[in-house]
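Asker: This is the structure, below, for whatever I ask next.
Numbering (the working numbering), first residue to last: 1 to 326.
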């Protein structure tokens, strides 16, 4: 499937790249990447945001630089820590939610946290990250079921808050590969439910199982959404990203080294022009990205209203806390 012919090769390559940004304020590096290289997304990794308004300022300017036509994925990784020191809810760890074993509460907490994220302009979260304890004595299926149920509940909550949840499914795929025949049917039931609740998935791009994991998702489970490959190392090369793209990835999350980000973007552009990057694979990836960005309200950032923000979040927090103790 082709994309808009008005999109240049440079813009297509930029759309595939989500960069980590570890500053707590807008700077010329990130504005250059957004305005001139047309990157597809920004993952905020700084842990020193003081107040919600500071985050809102960053996201507002990022979307302004991106323009109306192709808004950015602006996200955070995980929901284990508060985004700001003050003014936002402390999220409850996923493992704690599993222990409470209240899926309704899991969904409500995710919706509450998601609404706070949307209030400061964040539209994406890399979560939930489903992990398994190899030392747990429970039979695997008994362990798998509650973890998947709570992951699905969290994703439903984020969806209600209009936040794109991108679950990390590496551990899930690995367990499917090694599970016995009697368990595969029950496992598939929950994996199908999870995939129906998301339009995007997160995989470790440098995993030796990466190609097989994508094949399993695409061919066995019929997943046709966005697959985001994570490359955290500053030593990742353009060839690594091209290989992941040809294996079926649609986008990459790369490190926060600005100089190396520029090198990767320029090298990828040259490889797209000289035919090293398969045109059909590039077109399909960009199509998936742009289609997801056209979702209602995806790029919307509302004016920051401190009083309304505080009142709304406090009321929701009280309601959720009351539900927990019923």
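Quick reminder that beta carbons are idealized off the backbone N, C-alpha and C, glycines included. Fair warning: this is a prediction, and the values are worked out from it, not measured in the lab.
Taking its Cβ as the centre, do 16 or more other Cβ atoms sit within 10 Å of residue 2, making it buried, or is it exposed?
Answerer: Caution applies to residue 2, whose pLDDT of 41 falls short of 50 and renders its modelled position unreliable; the value that the coordinates give is listed next. Residue 2 is exposed by the Cβ-count criterion.
Asker: Using only alpha-carbon positions, find the residue among 120, 96, 58 that is nearest to residue 128.
Answerer: 96
Asker: Starting from residue 202, follow its DSSP beta bridges and name the residues at the other end.
Answerer: 168, 228
Asker: What are the start and end residues of the beta strand (DSSP E) that includes residue 75?
Answerer: Taken as a continuous stretch (DSSP letters only), the beta strand (DSSP E) holding residue 75 covers 73–77.
Asker: In this structure, how does DSSP classify residue 183 when only helix, strand and coil are distinguished?
Answerer: It is helical.
Asker: Where residue 281 and residue 238 are concerned, what is the direct C-alpha to C-alpha distance, given to the nearest angstrom?
Answerer: If you draw a straight line from the Cα of residue 281 to the Cα of residue 238, it is about 16 angstroms long.
Asker: Span of the beta strand (DSSP E) holding residue 96?
Answerer: First-last for residue 96: 94–100, but that is the alpha helix (DSSP H), not the beta strand (DSSP E).
Asker: Return the Cβ separation of residue 65 and residue 34 in integer angstroms, given the expectation that the two are a contact with Cβ distance under 8 angstroms.
Answerer: 4 angstroms
Asker: Would you mind giving the Cβ-Cβ distance between residue 226 and residue 250, rounded to the nearest angstrom? I have them listed as a contact below 8 angstroms.
Answerer: 5 angstroms
Asker: Spatial neighbours of residue 160 within its chain, please: C-beta separation below 6 angstroms, excluding the five flanking residues on both sides.
Answerer: 111
Asker: Quick one, are the C-beta atoms of residue 132 and residue 175 less than 8 angstroms apart?
Answerer: yes
Asker: List the residues that DSSP assigns as beta-bridge partners of residue 42.
Answerer: 19, 74
Asker: Name the two residues that bound the continuous beta strand (DSSP E) containing residue 251.
Answerer: Residues 251–254.
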